[in-house]
Every structure is written in C-alpha cells, then in structure tokens.
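*Asks:* As they're listed, the protein sequences go chains A and B. In terms of the working numbering, the first sequence opens at residue 24 and continues consecutively. In terms of the working numbering, the second sequence opens at residue 24 and continues consecutively. Using N, Cα and C, we set each Cβ at its ideal position, and we do this for glycine too. Please read all numbers here as calculations on a predicted model, not as lab measurements.
2 protein chains.
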Amino acid sequence: MKGRRLTPAMLAAVAARFKVLSEPARLQVLDALREGPLHVSALMEATGLNQANLSRHLGVLHAEGLVSRRREGLFVFYTIGDRSVFGLCDLVCGAVESRARRAALAFR
Amino acid sequence: MKGRRLTPAMLAAVAARFKVLSEPARLQVLDALREGPLHVSALMEATGLNQANLSRHLGVLHAEGLVSRRREGLFVFYTIGDRSVFGLCDLVCGAVESRARRAALAFR
DNA sequence: ACAGTATATGATTGAATAGTCATATAGTCA
DNA sequence: TGACTATATGACTATTCAATCATATACTGT
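1. Between the C-alpha atoms of S121(A) and D113(B), what's the straight-line distance to the nearest angstrom?
2. Determine whether the Cβ of S91(A) lies closer than 8 Å to any Cβ atom of chain B.
3. Which residue's Cα is closest to the Cα of G71(B): A55(B), V37(B), E95(B), L128(B)?
4. Is the separation between the beta-carbon of F100(A) and that of R57(A) shorter than 8 Å?
5. Tell me whether Q74(B) is buried or exposed, calling it buried when 16 or more other Cβ atoms sit within 10 Å of its Cβ.
6. With a floor of 3 residues, list each beta strand (DSSP E) that falls wholly inside the segment 77–106 of chain B, ordered by position along the chain.
7. Quick test of your reading: L84(B) and V43(B), contact by CB under 8 Å. State the CB separation rounded to the nearest angstrom.
8. What's the C-alpha gap between L89(A) and P31(B)?
9. Below 7 Å on C-beta distance, what does V37(B) contact in chain A?
10. From A123(A) to D105(B), what does the alpha carbon distance come to, in whole angstroms?
11. Does DSSP put L114(A) in a helix, a strand or coil?
12. Just confirm the distance between the C-beta atoms of L61(A) and A69(A), as a whole number of angstroms; I'd bet it's less than 8 Å.
13. My assumption, with CB atoms under 8 Å, is that V63(B) sits in contact with L77(B). Please give the rounded CB distance.
14. Do you know offhand how far L133(A)'s Cα is from R28(A)'s?
15. Should S45(B) and S45(A) be called a contact, given that it needs their Cβ atoms to be closer than 8 Å?
16. Give every residue of the same chain whose Cβ lies closer than 7 Å to the Cβ of K25(A), excluding the five residues on either side of it in the sequence, and list them in chain order.
17. Taking C-beta to C-beta, are V115(A) and F41(B) nearer than 8 Å?
18. Would you say G82(A) faces chain B, with C-beta separation under 8 Å as the test?
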C-alpha cells in the first residue's frame, strides 16, 4: 500500500527543479539577478564564472523556466523567471542556519 | 564588484541541501514519513525501494539532518528531522504545477 | 553460543554532469 | 562585404553518484 500522495511524474518534476538549484554557481547567478536583469557579461563579472561555463548554467536555468532571456543588440539579458525560488532559498537558508547554530551549541 | 549577499559557504550549504532533495527516491521517503515515523522495512513497502538502496538514501537524508533515527529492538525508525522540507516541497509543487498549466495553455 | 531477522556498508559499475577549449552563431558597425 | 563583440554549443575529461551485490553488523530469542 504505497502512500501515493505524490505521483511519480510530480516527484520527478520536483526533484528536477531541486537538481537545478543544487549547484552553487547557479544559485550565485540567481542571486545576482535578484535586483534585476543582467546581460551575460555582467553576470560573468558578478559571479566570476567564465563565459562558456556561465552560458551552460544559464541554459540549465532557462530550460527549467527559472530565468527568461531577452536579446538586446549584441547582449542577451537574463531575468528571474520564477520569483518563488527566493522563497525556497530563504527557507533553506533559515534551516541551514538554525542547523549550524544547533551544531555549534552541541560543542559547548 | 561581486554582489556578495551570500557567502560561498552559505551557497555551498544551500546547494548541498537542494542536492539531497534532488532525488525522487528521497522525496518519496520524506513523503512517506509525513504522517509519522516508520522503520526501514515499512519504508521499503511504502516506496518500493530495495533494502540496500533505501538504506543508502536514508544515510544521505540523515547526514543532512533531514531525518533522525531511533533504534527499537531489531528495527530502526526514521522520523522527519526538519519539517521545513514540506514547505519547500509545497512551494516547488506549486511552481511546477503552475508552470505545467502555462505550458498546457501555450498549446491551445 | 547459535540461528534468524533487520539494517548498514564495502566494492563495483554505469550514467549524468560540471568545467574547459575551440569553434560556431548572432548581431553591430564601418 | 569584412572586422569585431557577445553568446552559444560540440567535443572531451574528470568527477560525482545512484543502483546493485555480497557481506558485515546489530539485535532477538532459544
């Protein structure tokens, strides 16, 4: 009797989204886009990632719908496509921090 | 000028948590534990995972503090160790569903 | 101590994927 | 058109990791 509250398809979709978020470089990109759109070169500056690698990460974020693109002349601007990621990150940050606090307490 | 709102350590910690959640099997386990503690054999039943594989996933979840263990005779019971994961999953489910709706609309 | 059950773990394999280099594509300007 | 800039992508390597099998460990009851 499998407690099927989540369909396999839903499980896979949720896992896929978490996977996209499971890379520090991609979180850094999302964080850099928090205040507004940036083009790729600006994102290179902001994140320290090289061009090819950054472009790959942007492709992954875009495929998952987490960012959207807009071309403007030579530049391609990326924008957050789903603000719910910030809610996620804040939740995780909170959990991670309180876990760190508990771990620190355990040492005293 | 790197927009350093998140420290590298924090980025890594958050990414690590997302990575643990990026596996359908582990989401299934967490989901099965939603209503209360279960021992490993019950989790095998609930998830359809085999013993060794399930044990591995439980180890990963435990290392991240997402579940806690308690031995009771021959059995080991696992419990959700951080209820914030359900908030995460709900957020992602909502985002994924609304994305699916938008995608469906685009076809009409 | 021994037999039996529940769970964890070492070793291995195959698949996925981040990073990198070189090159291709897309757009601008002269 | 050709030179130049910005971004994407094919090909490759190295690493990570889920799945599996076999075996070890932990506990119970006789």
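*Replies:* The relevant details are as follows:
1. So the two alpha carbons sit approximately 21 Å from each other.
2. By this cut-off, S91(A) is not an interface position.
3. Ranking the options by Cα distance to G71(B), first place goes to A55(B).
4. no
5. exposed
6. Runs found: 90–95, 98–103.
7. 7 Å
8. 21 Å
9. Chain A residues near V37(B): L50, C112, V115, C116, V119.
10. 13 Å
11. helix
12. 7 Å
13. With 8 Å as the limit, V63(B) and L77(B) qualify as a contact, their Cβ atoms being about 6 Å apart.
14. Nothing about residue 133(A) can be read from this structure; chain A reaches only from 24 to 131.
15. yes
16. Its pLDDT being 47, under 50, K25(A) is placed unreliably in this model, and the value from its coordinates should be taken loosely. Within the same chain, K25(A) has no close Cβ partners at all.
17. yes
18. So no, G82(A) is outside the interface.
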